[in-house]
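Each protein sequence line maps, in turn, to chains A and B.
Numbered according to the numbering used here, the first sequence terminates at residue 212, and the numbering increases by one at each position without gaps.
Numbered according to the numbering used here, the second sequence terminates at residue 115, and the numbering increases by one at each position without gaps.
Encoded as structure tokens, the structure appears first; notes follow it.
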Amino acid sequence: DSGVTQTPKHLITATGQRVTLRCSPRSGDLSVYWYQQSLDQGLQFLIQYYNGEERAKGNILERFSAQQFPDLHSELNLSSLELGDSALYFCASSARWSETQYFGPGTRLLVL
Amino acid sequence: QQQVKQSPQSLIVQKGGISIINCAYENTAFDYFPWYQQFPGKGPALLIAIRPDVSEKKEGRFTISFNKSAKQFSLHIMDSQPGDSATYFCAAAIETSGSRLTFGEGTQLTVNP
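Written out as structure tokens, the structure is:
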């Protein structure tokens, strides 16, 4: 158990809908990262937050957004969902700016 | 653009054998190279990591070999066990840029008993 929790574990929704994925980092970790894992794209970095501020952006679509709250939990919002958004979404956390990342169990999103 | 290339895509070894997975990177700014292990239905878990100031790092049965001039690094699993059967990902990051990980494509390892 990495200490990173993600909810929900599974999510089934329809095209055009909006969902919110939640991540609670390990106790004391200030940095949160979001990754997408799909069969065709592999594991890809989406976005990073550090102590509430966005620090880095990767291949994140404009339909996706994220935020980190004062209690350090983070949410990833996916809107106008398309079939191709079906994937595993992982959250990872690290203590500081450049330390080991610990991954959560992921949220499996299926868009029908 | 795939900045980290990993091979092979899949690997089958016998119990007790040596598993070798290779990765090559393009961006010379990368300065942190971790390997992650992922079991079905689980998130990736850090196995071992290396920085470019050393050429080899060993932790138990797992060894990373690093060749800075060739921009390549590899994972060696000695005395492979059926419990090692998983997907392995190499990754690279620039620590001064927040350590966002760029992953290889993954290698599915099967260790036969």
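Glycine included, every Cβ here is placed at the ideal spot set by N, Cα and C.
For clarity, every value in this text was computed on a predicted model and none was experimentally measured.
query: For glycine 142 (chain A), does the three-state DSSP call read helix, strand or coil?
result: DSSP, reduced to helix, strand and coil, places glycine 142 (chain A) within a strand of the structure shown.
task: From the DSSP output, in three-state form, read off glutamate 28 (chain B) for me.
output: coil
task: Taking only the alpha-carbon atoms, compute the straight-line gap between glutamate 97 (chain B) and alanine 156 (chain A) and give it to the nearest angstrom.
output: 12 Å
Per-residue contacts from glycine 108 (chain B) into chain A (C-beta, under 7 Å): Gly142
task: Report yes if the CB atom of phenylalanine 91 (chain B) is closer than 7 Å to the CB atom of tyrosine 27 (chain B), and no otherwise.
output: no
task: Tell me, please, which residues DSSP counts as bridged to lysine 70 (chain B).
output: DSSP output for lysine 70 (chain B) lists no bridge partner at all.
message: Quick test of your reading: proline 54 (chain B) and phenylalanine 68 (chain B), contact by CB under 8 Å. State the CB separation rounded to the nearest angstrom.
response: 6 Å
- prompt: Listing by chain order, which chain A residues have their CB less than 9 Å from the CB of alanine 47 (chain B)?
  reply: Ser102, Tyr202 and Phe203
- request: Alpha carbon to alpha carbon, how far is proline 42 (chain B) from alanine 195 (chain A)? Give it in angstroms, no decimals.
  value: Just so you know, the alpha carbons of alanine 195 (chain A) and proline 42 (chain B) end up roughly 26 Å apart.
message: Taking a contact to mean a Cβ-Cβ separation below 7 Å, would you say glutamate 175 (chain A) touches threonine 120 (chain A) in this structure?
response: yes
message: Rounding to the nearest angstrom, what Cα-Cα distance links threonine 112 (chain B) and serine 9 (chain B) in this structure?
response: 14 Å
message: My output table needs one value for proline 54 (chain B): the three-state DSSP class, helix, strand or coil.
response: In this structure, DSSP gives proline 54 (chain B) a state outside helix and strand, which the three-state scheme calls coil.
task: Anything in chain B within Cβ reach of serine 194 (chain A), meaning under 8 Å, just list it in chain order.
output: Chain-order list of chain B residues neighbouring serine 194 (chain A): Ser101, by C-beta distance under 8 Å.
Per-residue burial, alanine 192 (chain A) [other beta carbons within 10 Å of its own, 16 or more giving buried]: A residue is called buried when at least 16 other Cβ atoms come within 10 angstroms of its Cβ; alanine 192 (chain A) meets this threshold and is buried.
- request: Following the continuous beta strand (DSSP E) through leucine 130 (chain A), name the residue where it begins and the one where it ends.
  value: DSSP places leucine 130 (chain A) outside any beta strand (DSSP E), giving it a letter other than H or E.
message: Quick check: the Cα distance between isoleucine 14 (chain B) and glutamine 148 (chain A), rounded to an integer number of angstroms?
response: 35 Å
message: According to DSSP, simplified to helix, strand and coil, what is serine 82 (chain B)?
response: It is coil, neither helix nor strand.
message: I want to verify the contact list: residues of chain B whose CB lies under 9 Å from the CB of tyrosine 133 (chain A), in sequence order.
response: Gly100, Ser101, Arg102 and Leu103
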